[in-house]
Amino acid sequence: MSRVAVVTGGTRGIGEAISIALKAAGYKVAASYAGNDEAAAKFKSQTGINVYKWDVSNYDACAAGLKQVEADLGPVDVLVNNAGITKDGMFHKMTPEQWYAVINTNLNSLFNMTRPVWEGMRERKFGRVICISSINGQKGQMGQVNYSAAKAGDIGFVKALAQEGARAGITVNTICPGYIATEMVKAINPEIVAKNILPQIPVGRLGEPHEIARTVVFLASDDAGFITGSTISANGGQHMI
Ligand code: CAA
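Here you go:
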């Protein structure tokens, strides 16, 4: 029987690559998205992967969305908490809206999404929770106090929850991508990318979404059962810890 995987923010960017890679690896995949209906429809027609619209910053919406996924595909075995946003700005100009939007979508979503599937994973004695954090949660990034705080929080979430899941056959890990060629990075002023970001990446290029997706497929597999609580960097050598 195929395992069921849910990928939040699974219709665009890194999430799209993750959804496609998990499907290719034999999973029944559900991709959630927040608002871009056009991109979701295109993704669905190209991949045949089920799409679901809900806001990961809202607990009730996540619980209801996951209930629908379980009714359609079966119990969730693999949860990929990928959805994330940026609202960059120097801290002295940052608004409460920029702060709370990023914390709610990038950090509170981990509770909202994981809590509703956790008890089922415990009962079935198998689960994989994979959170997509960021290099900027590891090292901090000017212009991203909100994002860096949320992404660092993701790493703490994983380290604590991994300890709780270990005896129940559930692994919980985080991947910290560096700068990947997605719309999120393309939204940065190209002059800043050329002057400040690319020179800091030893491999000399942005990463590709599929390079993150392959890591997710591995962490989801039975072979990765001894890896839990880990923070895996995939950043072209930009930051090593
Ligand atoms: N690294 C190093 N220096 C940076 C920088 C960066 N990433 N971003 C900005 N700076 C520098 C600028 O070069 C500038 O320096 P000078 O004064 O010497 O010219 C200074 O910081 C101020 O920058 P701006 O003039 O651009 O200030 P602003 O108020 O107009 O804009 C900003 C601020 C919106 C934060 C803008 O600088 C910006 O977008 N920076 C990029 C921030 C960033 O790296 N975001 C990552 C988004 S991708 C992502 O988050 C995915 C992931 O997980 C990696």
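When we follow our numbering, the leftmost residue of the sequence shown carries the number 1, and every step to the right adds one. Cβ coordinates follow ideal geometry from the N, Cα and C atoms, glycine included.
Its Cα nearest to that of residue 55, the residue 105 stands out among 105, 18, 46, 20. In the three-state reduction of the DSSP assignment, residue 33 falls in the strand class.
Residue state for residue 49 is assigned as coil, using DSSP reduced to three classes.
According to the DSSP assignment, residue 148 belongs to the alpha helix (DSSP H) that extends over 145 to 165.
Remark: the C-beta of residue 86 is in contact range of ligand 1, defined as less than 7 angstroms to any heavy atom.
In terms of side-chain proximity, the C-beta atom of residue 138 is found no nearer than 7 angstroms to any non-hydrogen atom of ligand 1. Put simply, the backbone Cα of residue 213 is about 33 angstroms away from that of residue 95. Within the same chain, Cβ atoms closer than 7 angstroms to the Cβ of residue 124 are found at 75, the five residues on either side in sequence being excluded.
With a cutoff of 7 angstroms, residue 94 does not count as near ligand 1, since its C-beta is closer than that to no heavy atom of the ligand. Residue 49 is not a Cβ neighbour of residue 78, given a cutoff of 8 angstroms. Collapsing the DSSP output to three states places residue 79 in a strand. In this structure, 47 is the residue among 32, 36, 224, 47 with its C-alpha nearest to the C-alpha of residue 21.
In this structure, residue 234 sits near residue 177, with a CB-CB distance shorter than 8 angstroms. The continuous stretches of alpha helix (DSSP H) do not include residue 10, and DSSP gives it neither H nor E. In its own chain, leaving out the 5 sequence neighbours on each side, no residue places its CB closer than 7 angstroms to the CB of residue 195.
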